[in-house]
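Position in the sequence shown counted from 1, then plus 21, gives you our numbering. Using N, Cα and C, we set each Cβ at its ideal position, and we do this for glycine too. None of the values given here were measured: they were computed from a predicted structure.
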Amino acid sequence: MRVAIQLSIQNVKTRKGGPFGAVIVKDGKIIAQGVNSVTSTNDPTAHAEMVAIREACAKLNRSRLDGYDLYVTLEPCAMCASAISHAHLDNLYFGAYDLKAGAVDHHVRFFESKACLHRPDAYGGILEKDCGQILSHFFSSKR
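So, in structure tokens, the structure goes:
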């Protein structure tokens with residue numbers, strides 16, 4: 022999670038996107054990473070989770086990530102939760118809860134829906150304070 026946090030901080034410093042970072046890990050080794058690049062790429066699907074999943078699948082030359090874990094700084098939205106399910110990631114670890122658009126523990130609760138093809142084990146609140154502070158600082162500076 023600390024690597025995902027560092028990615029989110031660096032992403033803000035370089036002004037490429039928002040304070041969101043993600044890493045995909047297997048056996049303690051980072052396989053792929055992603056940062057939010059919606060603004061810099063003009064791609065509304067370029068959330069940190071999506072970027073990391075795309076990188077991992079391309080690197081491994083397969084569409085399923087059974088046996089891999091995803092760490093992300095913010096509770097995934099519905100789009101990202103669906104991609105996590107389709108990718109068959111084993112575990113999801115996220116930092117801050119997203120009361121506005123989160124889709125794991127809030128609102129649509131995607132992994133509990135009939136539309137969910139694969140349910141990863143999901144754990145929220147990992148280094149929540151650290152992740153939350155980065156988000157709060159970023160969004161307060163935008164106002």
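Test item: CB-CB of residue i and residue j under 8 Å
i	j	result
Asp-119	Leu-95	yes
Asn-82	His-68	no
His-107	Leu-138	yes
Ala-122	Cys-98	yes
Nonlocal neighbours in the same chain, by C-beta distance under 7 Å from residue i, ignoring five residues either side
i	result
Ala-102	Ala-124, Val-125, Phe-131, Phe-132
Tyr-92	Met-22, Ala-25, Ala-43, Val-44, Val-46, Tyr-114
Lys-80	Ile-52, Ala-53
Asp-87	His-109, Asp-111
Pro-65	Val-59
Ile-147	Met-22, Tyr-114, Phe-115, Gly-116
Terminal residues of the beta strand (DSSP E) in which residue i lies
i	result
Asn-112	112–117
Gly-55	50–56
Residue i - containing alpha helix (DSSP H), residue span
i	result
Thr-35	No alpha helix (DSSP H) holds Thr-35; DSSP gives it neither H nor E.
Ser-61	59–62
Residues near residue i by beta carbon distance below 6 Å, same chain, minus five either side
i	result
Ala-73	Ala-43, Ile-45, Ala-53, Gln-54, Gly-55
Pro-40	Ser-29, Val-33, Ile-155, Leu-156, Phe-159
Three-way DSSP call (helix, strand, coil) for residue i in this model
i	result
Ala-67	coil
Gly-39	coil
Point to revise | Whole beta strand (DSSP E) elements within the region 85–148, 3-residue minimum | key: 90–95, 112–117, 142–144
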